[in-house]
Ligand SMILES: Nc1ncnc2c1ncn2[C@@H]1O[C@H](COP(=O)(O)OP(=O)(O)OP(=O)(O)O)[C@@H](O)[C@H]1O
Ligand SMILES: Nc1ncnc2c1ncn2[C@@H]1O[C@H](COP(=O)(O)OP(=O)(O)OP(=O)(O)O)[C@@H](O)[C@H]1O
Ligand SMILES: [Mg+2]
Ligand SMILES: [Mg+2]
């Protein structure tokens, strides 16, 4: 489903060149639940962004659903991503001009789901995460953990094949965090492939495999 | 040092009125290390913002360093805050137009510290947190945990009486998180009063007291 060969990503800023990903070779099968762990700054978000088609590698190859992604335009990558991936960002990336309901219904609108069906799906999700009463509010009016839960709802609303989660419980107390992990685990049981960056050993325990990153390289 | 009486904070949005803080009575002595815990959305950040003079209560009183804060103008509160408090925000609130070095030296500039002394203090701090090599970079070019460490450096650069920390290790792996907690603990040992919101039992263990919040009220 996902296969990389010598995937490399560099950032160059003034005098400093950072090798964020250094010849990564990774293979992920459909239905897996993979946890990516490693020290702060070691390349986890960068890896998730490249795998999630938000960013391009500088060298190496990336096959997504057997399609060679290298050389595709940003528009082509964006289309494949919207059709297949739900993404939970480390800093949420909610749209400030849209309220909570509108943020979460975005993937459903893209899929052409009817308004009444969107309403039912979105409200069910928000209720499930304990933020149904916030549907009409704007992201800036929510607590950190409430914003994180909106980001999670948006990622899973589209019922897509893959969910990419970048530290999905970082702003949540343990009860809410466990609730999120149970829901992700349930999705995985019904076939969703999940790739989750986490600092939490507790969350990583829900995965079937842990990939350890260090200085842009896989170390296990 | 800090004393509140029936501190209350309400938010009103369209039809929904949220009582974020409900008659809070809290007393904190100089030199304490207080952890504030509770479920997502229960009022922790709101409490920290009011205690940290970033926000005003709707009713009740707040005495900061024996001074009644109620009724002061925003300008007056801001002056008292800048002179006494280092604040670590849940979403970092770094200034995008300034590089890492410039972000951290802000409190020292406010205090009128000389340029050479600022340079020494800032670089020592950045090195200590493992991000000295990022001094010339901008916040958007850093990983989530690196941004969090910049926010922490900025809060402690000014050597102030009090540090308010809103989930300071949420984006950090356990090694980096422990390093942060050791540094905060060290500051507390030398007299700094620390008020820290956290979801982590491990971090809370560094505190001398835990305050439990639920639905805007203290429950222990
Ligand atoms: N500007 C606002 N308008 C309306 N409601 C608000 C606003 N800011 C915060 N709230 C609400 O006040 C309550 C307390 O928010 P607060 O940010 O203090 O929670 P918290 O305990 O820090 O949560 P978390 O652990 O998720 O960060 C929440 O229900 C939140 O939705
Ligand atoms: N736009 C950029 N320009 C320069 N360097 C960058 C840029 N974005 C990221 N980096 C660097 O690339 C490295 C990897 O960053 P990444 O965000 O992938 O780390 P991470 O493992 O997710 O860290 P964290 O656990 O702190 O979130 C870091 O050293 C970071 O500073
Ligand atoms: Mg990251
Ligand atoms: Mg908060």
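Protein chains in written order, with my numbering: chain A, -14 to 205; chain B, -14 to 205.
Beta carbons are placed, not taken as given, at the ideal position from N, Cα and C, and that holds for glycine.
Between residue i and chain A, is any beta-carbon pair separated by less than 7 Å?
i, result
"residue 12/B", "no"
"residue 42/B", "no"
"residue 170/B", "no"
"residue 26/B", "yes"
"residue 173/B", "no"
"residue 96/B", "no"
"residue 197/B", "no"
"residue 187/B", "no"
"residue 88/B", "no"
"residue 145/B", "no"
"residue 161/B", "yes"
"residue 126/B", "yes"
With a threshold of 16 other CB atoms inside 10 Å of the CB of residue i, please say whether the residue is buried or exposed.
i, result
"residue 118/A", "exposed"
"residue 128/B", "buried"
"residue 47/A", "buried"
"residue 54/B", "buried"
"residue 63/B", "exposed"
"residue 194/B", "exposed"
"residue 1/A", "exposed"
"residue 109/B", "exposed"
"residue 131/A", "buried"
"residue 145/B", "buried"
"residue 204/A", "exposed"
"residue 26/A", "buried"
Pop quiz: residue i and residue j are said to be a contact at Cβ under 8 Å. What is the actual Cβ separation, rounded to whole angstroms?
i, j, result
"residue 45/B", "residue -7/B", "5 Å"
"residue 77/B", "residue 136/B", "4 Å"
"residue 92/B", "residue 139/B", "7 Å"
"residue 182/A", "residue 152/A", "6 Å"
"residue -11/A", "residue -5/A", "In fact, because the Cβ distance is near 16 Å, the residues do not count as touching under 8 Å."
"residue 81/A", "residue 124/A", "6 Å"
"residue 73/A", "residue 38/A", "Incorrect: roughly 15 Å between the Cβ atoms, too far for contact."
"residue 156/A", "residue 115/B", "Not really, about 23 Å apart at Cβ, beyond 8 Å."
Below 7 Å between beta carbons: does that hold for residue i and residue j?
i, j, result
"residue 201/A", "residue 6/A", "yes"
"residue 71/B", "residue -13/B", "no"
"residue 8/A", "residue 21/A", "no"
"residue 69/B", "residue 169/B", "no"
"residue 192/A", "residue 18/A", "yes"
What separation, rounded to the nearest whole angstrom, lies between the Cα atoms of residue i and residue j?
i, j, result
"residue 105/B", "residue 121/B", "15 Å"
"residue 24/B", "residue 158/A", "5 Å"
"residue 161/A", "residue 33/A", "24 Å"
"residue 98/A", "residue 143/A", "10 Å"
"residue 178/B", "residue -9/B", "22 Å"
"residue 172/A", "residue 16/A", "10 Å"
"residue 40/B", "residue 166/B", "26 Å"
"residue 67/B", "residue 14/B", "20 Å"
"residue 61/B", "residue 96/B", "17 Å"
"residue 126/A", "residue 58/A", "37 Å"
"residue 102/B", "residue 89/B", "13 Å"
"residue 31/B", "residue 52/A", "48 Å"
"residue 83/B", "residue 100/A", "44 Å"
"residue 164/A", "residue 43/B", "34 Å"
"residue 180/A", "residue 36/A", "9 Å"
"residue 112/B", "residue 199/A", "19 Å"
"residue 79/B", "residue 75/A", "16 Å"
"residue 174/B", "residue 186/A", "30 Å"
"residue 49/A", "residue 190/A", "26 Å"
"residue 94/A", "residue -1/A", "42 Å"
"residue 184/B", "residue 176/A", "31 Å"
Does any C-beta atom of chain B lie closer than 7 Å to the C-beta of residue i?
i, result
"residue 16/A", "no"
"residue 156/A", "yes"
"residue -2/A", "yes"
"residue 131/A", "yes"
"residue 75/A", "yes"
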